[in-house]
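A short write-up of the structure that comes next.
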Amino acid sequence: MTETQPAPARGLLAENVTVTFGRGDRAFTAVNSADLQVRPGEIVGLVGESGSGKSTLSRVICGLQRDYDGTVSVDGREFAQKRTSAQWRIVQMVFQDPFASLDPRYTVRATLSEVIRHHRLASGSAVRARCAELMEMVRLPEEFLDRTPTAMSGGQRQRVAIARALAVEPSIIVADEAVSALDVSVQAEIVALFARLREELDLSILFISHDLAVVRKLCERIYVIHNGRLVEENTTEEIFTSPRDDYTKTLLKAIPTFDSAYLDRIRRGEG
């Protein structure tokens, strides 16, 4: 009888990913044998302190860090370290600083149109219609299409950065500290936006943050990274109620205490 092969894992799968910078005595391992999965339509948190390796791992997943060992695949299809245009579209990143990631000389319309045309997703009047649709997705008035980043607040710029990521119709968004540079009330709005986009577009989201209070409300599962190693993975509920790793316990003890009503308002995007 022919053995039935297991179905390939659906969603994003990073297996045995290792990133080392430098050589010889100066070599530094930023990510060490990391295994991570984000299933279709799932929001997964990746938490750790500054320098823990979480941003390096995110760059591998997005294709921005090429020199690594291990594999990254989506729906069972392995991605080459030098990605094709089609592979770039599948996984998109939203960075921490929206001002640094947007060209201040370009209007929002020019920024979005360039991405749409580059990937040949629309032409002519369809580009204008798609830009307006993206503004609606991120809850910005259409008039913002004619503004530059310098004429917007931090939260508005981050919404534009999210719209740019959505412009190529990705299945996976990697949000690397995407709310940490924003005021608390604006953080709540962006977190609520990610939650809504997941529901409306069936997106998978890897949400990278050092803020466990936000991660707790947004994510279904959490990976904890420390010194380049993923030291714990579990459901959000288990991470917070029954942490196994000592480092996870230390992170939990450092969370500021808020009343539950406040955290519920964050979830609803009310600030």
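Under full-length UniProt numbering, the first residue of the sequence shown is numbered 1, with each subsequent residue one higher.
Beta carbons: idealized from backbone N, C-alpha and C, even for Gly.
Small disclaimer: the values here were computed from a predicted structure and weren't measured.
- Here the alpha carbon of G63 sits roughly 14 Å from the alpha carbon of A175.
- When Cβ pairs closer than 8 Å are counted between the two stretches, the region 157-174 is seen to touch the region 112-122, the count reaching three or more.
- Only buried fits R216, as 16 or more other CB atoms lie within 10 angstroms of its CB.
- Secondary structure at M152: coil, using DSSP grouped into helix, strand and coil.
- Bounds of the alpha helix (DSSP H) holding V191 are 184-201.
- Here R59 has Q65 as same chain residues with Cβ atoms under 7 Å from its own Cβ, once five neighbours each way along the sequence are excluded.
- Distance between D97 and T150, taken at the CA atoms: about 13 Å.
- Counting C-beta atoms within 10 angstroms of its own C-beta, I255 has fewer than 16 neighbours from the protein chains shown and is therefore classed as exposed.
- Distance from the CA of E136 to the CA of F95, rounded to the nearest whole angstrom, comes to 21 Å.
- Around the beta-carbon of S50, fewer than 16 other beta-carbon atoms lie within 10 Å, marking it exposed.
- Per DSSP, the continuous alpha helix (DSSP H) segment holding R109 begins and ends at 108-118.
- Just so you know, the alpha carbons of E42 and G228 end up roughly 23 Å apart.
- DSSP, read as helix, strand or coil, puts T71 in strand.
- Nearest in C-alpha terms to E237, of all of I225, A213, L230, Y247, is A213.
- DSSP places I225 in the uninterrupted beta strand (DSSP E) bounded by 221-226.
- Comparing alpha carbon positions, the residue from F144, S209, V31 closest to A14 is V31.
- In this structure, R157 sits near L102, with a CB-CB distance shorter than 8 Å.
- Per DSSP, E143 lies in no alpha helix (DSSP H) segment and is marked neither H nor E.
- Considered as a whole, the region 13-79 harbours 28-38, 43-47, 69-74 as its complete beta strand (DSSP E) runs of no fewer than 3 residues, in chain order.
- By the CB criterion at 8 Å, T235 and R221 fall inside the cutoff.
- A Cβ-Cβ contact shorter than 8 Å links G155 with I190.
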